[in-house]
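Chemist: If you count by the working numbering, then the sequence shown holds residues 771 to 1260, one letter each, in order. Pasting a structure here, questions to come.
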Amino acid sequence: MQILSQQRMSTSADNIDNFLSVTFGSPDLAAHLSETKCKTFCDFFKRLSLDEKNVFLKTMAQRYGINQDSVLQNARSVIQCQDRGDACLLKSEERLKLSLVPRYQQLFTQIGRLDGGVKFLVDMRADILASMTAMSSEVDLSYFQALNYSLKELMVIWFSVGLLQLQRITWESSCDLVQKISDYEAVHPIRSWSDVKQRVGSYRRCFVFTHNAMPREPVVVLHTALTSEISSSIHSIIQSQGLRRQSVSQAQRSPEAPMSDNLVEEKEDPSKISAAVFYSITSTLKGLSGVDMGNYLIKCVVRELQSEHPQINQFSSLSPIPGFRDWLIGEVNKHLHLTGIGELTDDHLLTDEECGQLHPYRQTDSQSVLETFKFYIQTHQWITNPDLTHILKVPLMRLCARYLYMEKRRGYALNPVATFHLRNGAVIWRLNWMADTSMRGLSQSCAVMVNYRYFLENTEKNSRNYLENHIIEGSKEFIDLATGISPSPT
């Protein structure tokens, strides 16, 4: 059976090799690739199995990228033209630039002009990214990185803000779009049609970016709550009642009608709306990873909301903090290891007072307080014990602030959600205790969430400071918490 499988794979590899040889047979793809040939390429790739796609992509990446001999020849020509005048030099530089374009990128550009071609390439890039995650060979990885970069470069151009359309999703939107909004929601899962109706209903706004090449496909989704103040708990948003059930007799109601048809929206009262809280933003397609559209979507939505509700004067996110709990357990393990080998550190995670409060909750007499702290963080058992919940609040909030404000990678915030909002010019405004007590919230961030607030007059300056100088802007209360400064007595 294994021999037959290997034979089929060998035959398939030969077919792939022959197909690619014919596709790239012309020395000038831009001039000779017909629409029919591009469609044949797409159809051939779609029919392949997952393993066959890996073979196809590997062959294309290795054999039909940049022609190294041509690059070297044109580079020598540039050197030789240094003393032959500007015209000669400019022509040789242009030839060098063209030789640095991979042959498959010329093919991708042609495919992008097909009906459905952009979506095909987005899906192909998702396959490339998936292959790269399981790759062990550095050589193969380098080829795939070049292939990935070539596609990403095109998508950054194709999905620039001027080519995207802002669209609000309501209960009256087409069924397929509403269904996709439900399916794509990754931050706070939608569990029923009543959930969907509530999240696109009164006091809620759901906006998406679509692209002309994929008009029925939302590429970024932003959920926003319209509230009287900046929310401190996700439960107050996703469980609030923007809907009410109307009285419909059994005789009036069709047996086939879903229960959500019995829900009607509350009429919005503008006097109750002074804040817009962005509580979920999702990039929907794996193949568009790294193509920044969320930043533009938030800015477009702010303008849209200001036009609809001029009285809104507060814009903020209510964001998860993925990675905080894992980072914290890593820090605890590091301290336990240093203690075990007899090395001392001045960077204590818990204060003496916090250690004293946790001491009675040790599982055994031999267990250290730090091990006790780790045990409760890992098992989530503190959430059901009011006394422990009270004891752990201070250290968890302080350490979470430290994680967001002081832990960095290459000068930028270690937390990816923090970097997203800080790049947009937001300020880390407030940490919120017990803001998400779902299992997801506990596993990501010990139930803590954060508000990144957008002061519109300062966003451009804040963004520039973060990107150029790695300065994280935060409220005084947040920075005091992160740096260990106790609040002044009142």
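A virtual CB, placed ideally from N, CA and C, is assigned to each residue, including glycine.
Just the Cα atoms here: how many angstroms apart are S819 and A1171?
Modeler: Translated into the one-based positions of the sequence shown, residue 819 becomes position 49. Translated into the one-based positions of the sequence shown, residue 1171 becomes position 401. The alpha-carbon atoms of S819 and A1171 are separated by roughly 47 Å.
Chemist: Could you check how far apart the C-beta atoms of Y1182 and H1118 are, in whole angstroms? I think they sit under 8 Å.
Modeler: On the sequence shown, residue 1182 is found 412 positions in, with the first residue counted as 1. On the sequence shown, residue 1118 is found 348 positions in, with the first residue counted as 1. Here Y1182 is actually not in contact with H1118; their C-beta atoms are around 26 Å apart, not less than 8 Å.
Chemist: Assign Y1049 to one of two classes, buried (16 or more other C-beta atoms within 10 Å of its C-beta) or exposed (fewer than that).
Modeler: The sequence position of residue 1049 within the sequence shown is 279, counting from 1. Buried: at least 16 other Cβ atoms inside 10 Å.
Chemist: For G1100, count neighbouring C-beta atoms within 10 Å of its own C-beta (all shown protein chains included) and say buried if the count is 16 or more, exposed if not.
Modeler: The residue labelled residue 1100 in the question sits at position 330 within the sequence shown. Its Cβ having fewer than 16 others within 10 Å, G1100 is exposed.
Chemist: Opposite S1089 in the DSSP bridges: which residues?
Modeler: Within the sequence shown, residue 1089 is the residue found at index 319, counting from 1. Note: S1089 sits in a beta bridge opposite V1220.
Chemist: Using the rule of at least 16 other Cβ atoms within 10 Å of the residue's Cβ for burial, across every protein chain shown, is Q935 buried or exposed?
Modeler: In the sequence shown, the residue the question calls residue 935 occupies position 165. It counts as exposed.
Chemist: Does DSSP classify A1021 as helix, strand or coil?
Modeler: Residue numbering aside, residue 1021 sits at position 251 when the sequence shown is read from its first letter. Residue confidence for A1021 is low, a pLDDT of 45 falling below 50, so the modelled location carries little weight and cannot support an answer.
Chemist: Are L891 and M902 close, meaning C-beta to C-beta below 9 Å?
Modeler: The count along the sequence shown starts at 1 and reaches residue 891 at position 121. The count along the sequence shown starts at 1 and reaches residue 902 at position 132. For L891 and M902, no; Cβs fall outside 9 Å.
Chemist: Out of curiosity, what's the CA-to-CA distance linking G1126 and P1156?
Modeler: Within the sequence shown, residue 1126 is the residue found at index 356, counting from 1. Within the sequence shown, residue 1156 is the residue found at index 386, counting from 1. Distance between the alpha carbons of G1126 and P1156 is about 17 Å.
Chemist: Roughly how many angstroms lie between the CA atoms of D839 and G1060, to the nearest whole one?
Modeler: Along the sequence shown, read from residue 1 onward, the residue named residue 839 stands at position 69. Along the sequence shown, read from residue 1 onward, the residue named residue 1060 stands at position 290. Computed Cα separation, rounded: 32 Å.
Chemist: A904 to E1230, Cα distance in whole Å?
Modeler: Position 134 of the sequence shown, counted from the start, is the residue given in the question as residue 904. Position 460 of the sequence shown, counted from the start, is the residue given in the question as residue 1230. So the alpha carbons of these two residues sit roughly 39 Å apart.
Chemist: Can you give me the C-alpha to C-alpha distance between L1120 and P1165, rounded to a whole angstrom?
Modeler: One-based indexing of the sequence shown puts residue 1120 at position 350. One-based indexing of the sequence shown puts residue 1165 at position 395. Approximately 7 Å, taken between the alpha carbons.
Chemist: Which same chain residues, not among the five before or five after F789, have their C-beta less than 7 Å away from its C-beta?
Modeler: As a working mapping, residue 789 is identified with position 19 in the sequence shown. Only residues of its own chain outside the window of five on either side were considered, and among them F814 have a CB closer than 7 Å to the CB of F789, listed in chain order.
Chemist: Taking T889 and M830 to be in contact with their CB atoms under 8 Å, please state how far apart those CB atoms are, rounded to whole angstroms.
Modeler: Taking the first residue of the sequence shown as 1, we reach residue 889 at position 119. Taking the first residue of the sequence shown as 1, we reach residue 830 at position 60. Looking at the sequence itself, residue 889 is Lys, so the reference to Thr does not match. No, K889 and M830 are not in contact; Cβ-Cβ is about 19 Å, not under 8 Å.
Chemist: I need the DSSP call for N1185, collapsed to helix, strand or coil.
Modeler: As a first step, residue 1185 must be located in the sequence shown, where it is residue number 415. It is coil, neither helix nor strand.
Chemist: Taking its Cβ as the centre, do 16 or more other Cβ atoms sit within 10 Å of Q968, making it buried, or is it exposed?
Modeler: The residue labelled residue 968 in the question sits at position 198 within the sequence shown. Buried: at least 16 other Cβ atoms inside 10 Å.
Chemist: If you run the structure through DSSP and keep just helix, strand and coil, what is S1213?
Modeler: The residue you call residue 1213 lines up with position 443 of the sequence shown. In the structure shown, S1213 sits in a helix (DSSP, three-state: H, G or I).
Chemist: Scan the segment 980 to 1009 and note each continuous beta strand (DSSP E) run of 3 residues or more that stays entirely inside, going in chain order.
Modeler: 990 to 997
Chemist: DSSP state of W941, grouped into three classes?
Modeler: The residue labelled residue 941 in the question sits at position 171 within the sequence shown. Note: W941 maps to coil in three-state DSSP.
Chemist: Does the structure place the segment 1213 to 1224 close enough to the segment 1190 to 1201 that three or more beta carbon pairs sit under 8 Å?
Modeler: Contact between the segment 1190 to 1201 and the segment 1213 to 1224 is present: three or more C-beta pairs spanning the two stretches fall below 8 Å.
Chemist: Would you kindly work out how many angstroms separate the C-alpha atoms of V970 and V1220, rounded to a whole number?
Modeler: Mapped onto the sequence shown, residue 970 falls at position 200. Mapped onto the sequence shown, residue 1220 falls at position 450. A direct Cα-to-Cα measurement between V970 and V1220 gives close to 23 Å.
Chemist: Tell me whether K1178 sits in a helix, a strand or coil according to DSSP, three-state version.
Modeler: Residue 1178 sits at position 408 when you count from the first residue of the sequence shown. K1178: strand per DSSP, three-state reduction.
Chemist: When you compare the CB positions of H993 and I1043, do they come within less than 9 Å of one another, or not?
Modeler: Numbered from 1 along the sequence shown, position 223 holds the residue referred to as residue 993. Numbered from 1 along the sequence shown, position 273 holds the residue referred to as residue 1043. No, Cβ-Cβ distance for H993 and I1043 is not below 9 Å.
Chemist: Using a Cβ distance threshold of 8 Å, determine whether the segment 971 to 980 contacts the segment 921 to 928, with at least three qualifying pairs required.
Modeler: no
Chemist: Here's the rule: buried if 16 or more other CB atoms are within 10 angstroms of the residue's CB, otherwise exposed. What is P988?
Modeler: The residue given as residue 988 occupies position 218 in the sequence shown. So P988 counts as buried.
Chemist: So what does DSSP say about Q1084, is it helix, strand or coil?
Modeler: The residue given as residue 1084 occupies position 314 in the sequence shown. Of the three classes helix, strand and coil, the one that applies to Q1084 here is strand, per DSSP.
Chemist: What's the C-alpha gap between I1007 and V990?
Modeler: Sequence index remark: in the sequence shown, residue 1007 carries index 237 (1-based). Sequence index remark: in the sequence shown, residue 990 carries index 220 (1-based). When rounded, the distance between both Cα atoms is 20 Å.
Chemist: How many Å lie between V871 and T1052 at the Cα?
Modeler: Locating residue 871 in the sequence shown gives position 101, counting from the first residue. Locating residue 1052 in the sequence shown gives position 282, counting from the first residue. Approximately 32 Å between the Cα atoms of the pair.
Chemist: Using the rule of at least 16 other Cβ atoms within 10 Å of the residue's Cβ for burial, across every protein chain shown, is S998 buried or exposed?
Modeler: By 1-based counting over the sequence shown, the position of residue 998 is 228. So S998 counts as exposed.
Chemist: Exposed or buried, Y1175, counting other C-beta atoms within 10 Å across all chains shown (16 or more means buried)?
Modeler: What you label residue 1175 is simply residue 405 of the sequence shown in a count that begins at 1. Answer is buried; the Cβ neighbour count reaches 16.
Chemist: Could you check where the alpha helix (DSSP H) with F1225 kicks off and where it finishes?
Modeler: Position 455 of the sequence shown, counted from the first residue, corresponds to residue 1225. It is not in any alpha helix (DSSP H) - F1225 carries neither H nor E in the DSSP assignment.
Chemist: Cβ atoms of L1098 and L1212: under 9 Å apart, would you say?
Modeler: Against the sequence shown, residue 1212 aligns to sequence position 442. Against the sequence shown, residue 1098 aligns to sequence position 328. Not a contact, by the Cβ cut-off of 9 Å.
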